[in-house]
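*Asks:*
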Amino acid sequence: MTQSVNLTRYLVEQEREHGIITPQLRLLVEVVARACKRISIAVNKGALGDVLGSAGTGNVQGEVQKKLDVIANDVLIHANEWGGHLAAMASEEMDTVFPVSENYPRGEYLLLFDPLDGSSNIDVDVTIGTIFSVLQLPANAGEVREEHFLQAGAKQVAAGYCVYGPQTQLVLTVGRGVAVFTLDREQGSFVLTQSDLQIPARTSEFSVNMSNLRHWAPPVKRYIDECLQGKEGPRGRDFNMRWVGSMVADVHRILMRGGVFLYPWDKREPNKPGKLRLLYEANPMSFLVEQAGGAATNGQQRILDIAPTSLHERCSVMLGSREEVELLQRYHAEAASQT
Ligand code: P6P
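Mapping the sequence shown onto the working numbering, position 21 (from 1) lands on 266, and the numbers just tick up by one.
1) State the beta-bridge partners of D429 as determined by DSSP.
2) Which two residues bound the contiguous alpha helix (DSSP H) that contains M334?
3) Expressed to the nearest angstrom, what Euclidean distance is found between the alpha-carbon atoms of R498 and N454?
4) If you compare alpha carbons, which of Y525, V505, K520, T542 is closest to G565?
5) Nearest to I469 by CA position, among L523, R283, M501, L507, is which residue?
6) From this set, N457, I373, L556, which residue's C-alpha is nearest V493's C-alpha?
7) Can you pull the DSSP bridge partners for S364?
8) According to the Cβ coordinates, are S434 and L321 closer than 9 Å?
9) May I ask you to report which of helix, strand or coil DSSP gives Q259?
10) What ranges does the beta strand (DSSP E) occupy inside the region 451-521, keeping only unbroken runs of at least 3 residues that lie completely in it?
11) Measuring CA to CA, which of D370, V371, V369, D340 is closest to D359?
12) Can you give the Cα-Cα distance for V546 and T375, rounded to whole angstroms?
13) Can you tell me whether T341 is helix, strand or coil according to DSSP?
14) Quick test of the definition: if touching needs 3 or more C-beta pairs under 8 Å, does the region 546-559 touch the region 420-437?
15) For A278, tell me which candidate among G539, A403, T584, E535 has the shortest Cα-Cα distance.
16) Could you check the C-alpha separation between G328 and H577 for me, to the nearest Å?
17) Can you tell me which of E569, V496, L382, G363 puts its alpha carbon nearest to the alpha carbon of V342?
18) Between N454 and ligand 1, is the CB less than 8 Å from at least one heavy atom?
19) Rounded to the nearest angstrom, what separates Q401 and Q536 at their Cα positions?
20) Which residues in the same chain have their Cβ closer than 7 Å to the Cβ of G294, if we skip the five residues on either side of it in sequence?
21) CB of G307 to nearest heavy atom of ligand 1: below 8 Å?
22) Is it right to say N289 is buried, meaning 16 or more other beta carbons lie within 10 angstroms of its own, or is it exposed?
23) Could you give the distance in angstroms between the alpha-carbon of D441 and the alpha-carbon of V309?
24) Among the residues of its own chain, which have a CB less than 6 Å from the CB of C472, if the five just before and after it don't count?
25) How long is the line joining the alpha carbons of V276 and L549, rounded to whole angstroms?
26) Give the single residue among N366, G387, D314, G307 whose Cα lies nearest to the Cα of P344.
27) Where do the ends of the beta strand (DSSP E) carrying F377 lie?
28) So V534 and A541 are supposed to be a Cβ contact under 8 Å. How far apart are they, rounded?
29) Looking at D362 and ligand 1, is the gap between the Cβ and the nearest heavy atom below 8 Å?
30) Quick one: is T413 buried, meaning 16 or more other Cβ sit within 10 Å of its Cβ, or exposed?
31) Does DSSP put T253 in a helix, in a strand, or in coil?
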């Protein structure tokens, strides 16, 4: 019987055979994966575990926190603060960065995460997930400050998410393709079930919240309108639409079968570039999508090239099948050349 490859063996291979990760980074990913297993158990308890509903608190985003948001954040903080592999953490749920305890040798990595993305779906049992991104602490950084996290997404050394759906799956890149691990609950380990994921360049499925249509900029309206025209229109084929309202669920579907995800700028909040956060949502997802052969843009530039200016900054996101993202980029460039 061929022995299944679990996360540990996969990471050891990336470290020893390919030399692209360090023992510290291997430990970091293992610790995050273990924390995601804990979160999966809490998520699966649902109404039986007093984990549903509001926590009665708010976060830095001005959002009401769900109990599971707080639980997931606490699990990730406590799992990582004594690992010895991290210098500091940043979370969607926390105002500022969280240096790990100074009583312990400081690691060289920075961990950023959205502990539980898609919270509005928790109480109605729809797929949610944990998103994480890993950066290196700049050399000679001294005391860790927020500015050390403000690195372009292209600087990430690892990124991934854990999707809590019909299965619990960990999707990971350490810069050498995308691997998918499925949680074997009997063994309690993540087993490699897909490696070197590739997003089909062509798709006929878009993923966007259509109720925002009247608020979008012209290039996005043009793109979606042409999709809706189907085979009678310039695209020459019919399109399907999917919108879960949970970025992890929508991006996971796109990684597994193709598609294009859009959460673009809209005029409801003209001074904000978009709803989704750059550092711990758009960047990790864009790293994964590019590693799987897709593309990710904010309309003006590659998302991974955006130079962050603040920890919780947002951005416009269009990512997935390369042909569709390139068409969206072309429409944005044509609109810009007409202004
Ligand atoms: P809307 C979840 O709150 C989230 O941040 C993403 O996971 C998701 O893609 C998006 O917001 C959904 O936003 O406006 O459709 O509810």
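Glycine included, each C-beta is placed from N, C-alpha and C at the ideal position.
*Replies:* Taking the definition as stated:
1) Here residue 429 refers to the residue found at position 184 of the sequence shown. Answer is S434, bridged to D429.
2) Looking up residue 334 in the sequence shown gives position 89. Premise fails: M334 lies in the beta strand (DSSP E), 331-336, not in any alpha helix (DSSP H).
3) Translated into positions along the sequence shown, residue 498 becomes position 253. Translated into positions along the sequence shown, residue 454 becomes position 209. Going from the Cα of R498 to the Cα of N454 covers about 16 Å.
4) Here residue 565 is taken as the residue at index 320 of the sequence shown, counted from 1. Ranked by Cα distance from G565, the first of Y525, V505, K520, T542 is V505.
5) Locating residue 469 in the sequence shown gives position 224, where the first residue counts as 1. Distance check between I469 and each of L523, R283, M501, L507 places L507 closest, using alpha-carbon atoms only.
6) Here residue 493 corresponds to residue number 248 of the sequence shown, with the count starting at 1. Comparing Cα positions, the closest option is I373.
7) By 1-based counting over the sequence shown, the position of residue 364 is 119. Bridge pairing for S364: absent [DSSP].
8) Residue mapping note: residue 434 aligns to position 189 of the sequence shown, counting from 1. Residue mapping note: residue 321 aligns to position 76 of the sequence shown, counting from 1. Not closer than 9 Å, so no.
9) The residue you call residue 259 lines up with position 14 of the sequence shown. In the structure shown, Q259 sits in a helix (DSSP, three-state: H, G or I).
10) DSSP runs (the beta strand (DSSP E)) wholly in the region 451-521: 505-508.
11) Walking along the sequence shown from the start, residue 359 turns up at place 114. Of D370, V371, V369, D340, the residue nearest in Cα terms is D340.
12) In the sequence shown, residue 546 corresponds to position 301, counting from 1. In the sequence shown, residue 375 corresponds to position 130, counting from 1. One point to set straight first is that residue 546 is Gln, not Val, in the sequence displayed. So the two alpha carbons sit approximately 26 Å from each other.
13) For this step, residue 341 is matched to residue 96 along the sequence shown. Correct three-state label for T341: coil.
14) No: the two stretches stay apart, fewer than three of their Cβ pairs being nearer than 8 Å.
15) On the sequence shown, residue 278 is found 33 positions in, with the first residue counted as 1. Closest in C-alpha terms to A278, from the list G539, A403, T584, E535, comes A403.
16) Position 83 of the sequence shown holds residue 328. Position 332 of the sequence shown holds residue 577. Those two C-alpha atoms are separated by around 44 Å.
17) Here residue 342 corresponds to residue number 97 of the sequence shown, with the count starting at 1. Of the candidates E569, V496, L382, G363, the one whose C-alpha sits nearest the C-alpha of V342 is L382.
18) Residue mapping note: residue 454 aligns to position 209 of the sequence shown, counting from 1. Yes, Cβ of N454 sits closer than 8 Å to a heavy atom of ligand 1.
19) As a position in the sequence shown, residue 401 is number 156, starting the count at 1. As a position in the sequence shown, residue 536 is number 291, starting the count at 1. One Cα belongs to Q401, the other to Q536, and the distance between them is close to 12 Å.
20) For the purposes of this step, residue 294 is taken as residue 49 along the sequence shown, with counting starting at 1. These residues qualify, in order along the chain: A287.
21) Within the sequence shown, residue 307 is the residue found at index 62, counting from 1. Not under cutoff, so the answer is no.
22) To locate residue 289, count along the sequence shown from 1; it is residue 44. Label assigned to N289: exposed.
23) As a first step, residue 441 must be located in the sequence shown, where it is residue number 196. As a first step, residue 309 must be located in the sequence shown, where it is residue number 64. Those two C-alpha atoms are separated by around 38 Å.
24) If you number the sequence shown from 1, residue 472 lands on position 227. Excluding positions up to five away in sequence, the list reads F451, F484.
25) Looking up residue 276 in the sequence shown gives position 31. Looking up residue 549 in the sequence shown gives position 304. Cα to Cα, the separation comes out at about 25 Å.
26) Position 99 of the sequence shown holds residue 344. It is G387 whose Cα lies nearest to the Cα of P344.
27) Start at 1 with the first residue of the sequence shown, and residue 377 comes out as number 132. Per DSSP, the unbroken beta strand (DSSP E) holding F377 starts and ends at 373-381.
28) In the sequence shown, counting from the first residue as 1, residue 534 sits at position 289. In the sequence shown, counting from the first residue as 1, residue 541 sits at position 296. Going by Cβ atoms, the distance from V534 to A541 rounds to 5 Å, so yes, they are a contact pair.
29) The count along the sequence shown starts at 1 and reaches residue 362 at position 117. A distance criterion of 8 Å places the beta-carbon of D362 in contact range of ligand 1, judged by its closest non-hydrogen atom.
30) As a position in the sequence shown, residue 413 is number 168, starting the count at 1. In the assembly as shown, T413 is a buried residue. Its beta-carbon has 16 or more other beta-carbons within 10 Å.
31) To locate residue 253, count along the sequence shown from 1; it is residue 8. Three-state result, T253: helix.
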